[in-house]
Amino acid sequence: MDGLHAAVEMTYAPSAILNLFNNALQVAQAKKLIRLKGIFVPGKGSNYNGFFYDCIRDESSDAQLTLLVPALMRPELSPGKTISFWGYITKRVVNNGGRIEVQVVVSELLEQVQNKYSEKDFEALELQKKKAALGYRDVTSFIKTAITEEKPPVIRVLIGNSAIIDSDIKHQLRESLGYYKITFHRINLSSEPDIIRAVQQHSIDTDILVLSRGGGENLEIFNRINIAAACLSLKCYLVTAIGHKEDITLLQQVADKSFIVPAAFGQYLNELYNETIEQQQHSKARLVASVTAQLKANYEKQVENLNEKLKQLEELKVRSTQELSEGFAMKEALLKKEMDILRQGFQEQVRLAEGAKQQQLDQLSARLAKTEAEKYRYWLLIVAALVAGMVVSWVMGR
85 MDGLHAAVEM
95 TYAPSAILNL
105 FNNALQVAQA
115 KKLIRLKGIF
125 VPGKGSNYNG
135 FFYDCIRDES
145 SDAQLTLLVP
155 ALMRPELSPG
165 KTISFWGYIT
175 KRVVNNGGRI
185 EVQVVVSELL
195 EQVQNKYSEK
205 DFEALELQKK
215 KAALGYRDVT
225 SFIKTAITEE
235 KPPVIRVLIG
245 NSAIIDSDIK
255 HQLRESLGYY
265 KITFHRINLS
275 SEPDIIRAVQ
285 QHSIDTDILV
295 LSRGGGENLE
305 IFNRINIAAA
315 CLSLKCYLVT
325 AIGHKEDITL
335 LQQVADKSFI
345 VPAAFGQYLN
355 ELYNETIEQQ
365 QHSKARLVAS
375 VTAQLKANYE
385 KQVENLNEKL
395 KQLEELKVRS
405 TQELSEGFAM
415 KEALLKKEMD
425 ILRQGFQEQV
435 RLAEGAKQQQ
445 LDQLSARLAK
455 TEAEKYRYWL
465 LIVAALVAGM
475 VVSWVMGR
């Protein structure tokens, strides 16, 4: 716990952390004079305690260090020249930036020569590094995919005002000319503003933009930083077909694909079209064979499944027939039993009904007999009355 409290109580300031690392950074070269070489890049030109704070940069990259030049030696140095000198390494802690700067102090100037790389060379190098970071897009794969999907790519070719290379490209296209949506646009290839304007204008709604020029000298225009920078920001594919084998321009180095001569570009498109069509035909043949084999296998499997289902249905039919027969026999017996019960009930009801009817007949017969007897007595009384009347009449007549 005491160690934990001690660790908690130990609080560092940012400057203390910087000093810790500053003291930890120790190299053998910092303890002696060393020989250095690089391009001199002047700073603001202000004198700080007898020193000018300039920079020294690599000849082949953008790496640089702060260079402390004594005031007496400063007038001897020329901007952009390569200098060799004796000096020593120092470090400076930048508190407000949280960093440690490595500095070089000039002790003795040994040599100063014209730098073999100009500022434009470094700018060109930066553009190439930027293109490498962005990546070189695969023009070939894009065109092959477009051919396979039957979506002809839109290609716009920028050529000189008086150029005849469009006929060379068309001639090399041969039978594939009718497939590509290719158009030619004449511009002033000697004017940097015209080239930049044409590149920006014709890159809209375009799949592939081509800058093409025939053979000859005066290719320096294609080394212009501004032209390469404008082409670097294009969304479409960039292709160059500049007729010069020995001299590779900056524009060619930042293009997605380059050709030595314009005719080579036309030949490339034609060969790519034929190759893709041939591959597509082979692929279709392989696909048909594969699909046929797959369909056959599926058909055989389906037939096998159907046979199995038919077998199961036959077995089910046999079982169902047997079960139905047994069921029908049971139902028939039950129906017969129910019919016997119904018949017996009906017979009993008939018997009871006949008995009731006989009883009613007997009652009616008795009533009829009684009525006949009463009728007989009635007629006897009438006859007796008539006889009595006749007797009385006879007696009185006498």
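Counted from 1, the sequence shown has number 271 at position 187 by our numbering; the numbering is strictly sequential.
Quick reminder that beta carbons are idealized off the backbone N, C-alpha and C, glycines included.
Provide the residue(s) that pair with residue i in DSSP beta bridges, ordered along the chain.
i: residue 195; result: 168
i: residue 176; result: 185
i: residue 462; result: According to DSSP, residue 462 bridges with nothing at all.
i: residue 269; result: 242
i: residue 150; result: 139, 187
Tell me whether residue i sits in a helix, a strand or coil according to DSSP, three-state version.
i: residue 455; result: helix
i: residue 138; result: strand
i: residue 399; result: helix
i: residue 261; result: helix
i: residue 304; result: helix
i: residue 247; result: coil
i: residue 405; result: helix
i: residue 323; result: strand
i: residue 130; result: coil
i: residue 85; result: For residue 85, the predicted model reports a pLDDT of 49, less than 50, meaning its position is unreliable; a value from the coordinates is still stated below. The answer is coil: DSSP assigns residue 85 none of H, G, I, E or B.
i: residue 341; result: strand
i: residue 360; result: helix
i: residue 376; result: helix
i: residue 419; result: helix
i: residue 478; result: helix
i: residue 162; result: coil
i: residue 235; result: coil
i: residue 289; result: coil
i: residue 414; result: helix
i: residue 253; result: helix
i: residue 449; result: helix
i: residue 425; result: helix
i: residue 513; result: Outside the shown range of the chain, which is 85 to 482, sits residue 513, and nothing can be said about it.
Among the options, which has the Cα closest to the Cα of residue i?
i: residue 354; options: 270, 120, 259; result: 259
i: residue 273; options: 167, 263, 298, 413; result: 298
i: residue 264; options: 271, 256, 270; result: 256
i: residue 164; options: 154, 173, 142, 179; result: 142
i: residue 318; options: 285, 350, 303, 137; result: 285
i: residue 270; options: 149, 144, 245; result: 245
i: residue 131; options: 149, 121, 158, 122; result: 158
i: residue 151; options: 145, 172, 160; result: 172
i: residue 145; options: 203, 251, 420, 195; result: 203
i: residue 210; options: 395, 467, 447, 316; result: 316
i: residue 350; options: 381, 262, 219, 437; result: 262
i: residue 366; options: 428, 439, 232; result: 232
Answer yes or no: do residue i and residue j have a C-beta to C-beta separation smaller than 9 Å?
i: residue 168; j: residue 117; result: no
i: residue 311; j: residue 292; result: no
i: residue 241; j: residue 266; result: yes
i: residue 253; j: residue 325; result: yes
i: residue 295; j: residue 339; result: yes
i: residue 276; j: residue 243; result: no
i: residue 223; j: residue 290; result: no
i: residue 39; j: residue 357; result: Coverage of the chain is limited to positions 85 through 482, which leaves residue 39 absent and any answer about it impossible.
i: residue 307; j: residue 333; result: yes
i: residue 126; j: residue 138; result: yes
i: residue 162; j: residue 136; result: no
i: residue 75; j: residue 194; result: What is shown of the chain runs 85 to 482, which leaves residue 75 out entirely.
i: residue 122; j: residue 148; result: yes
On the DSSP letters alone, give me the boundaries of the beta strand (DSSP E) that residue i sits inside.
i: residue 225; result: Per DSSP, residue 225 belongs to no beta strand (DSSP E); it is in the alpha helix (DSSP H), 223-232.
i: residue 119; result: 118-125
i: residue 297; result: 292-297
Would you give the residue range spanned by the alpha helix (DSSP H) that residue i belongs to?
i: residue 209; result: 203-218
i: residue 316; result: 309-316
i: residue 276; result: 276-286
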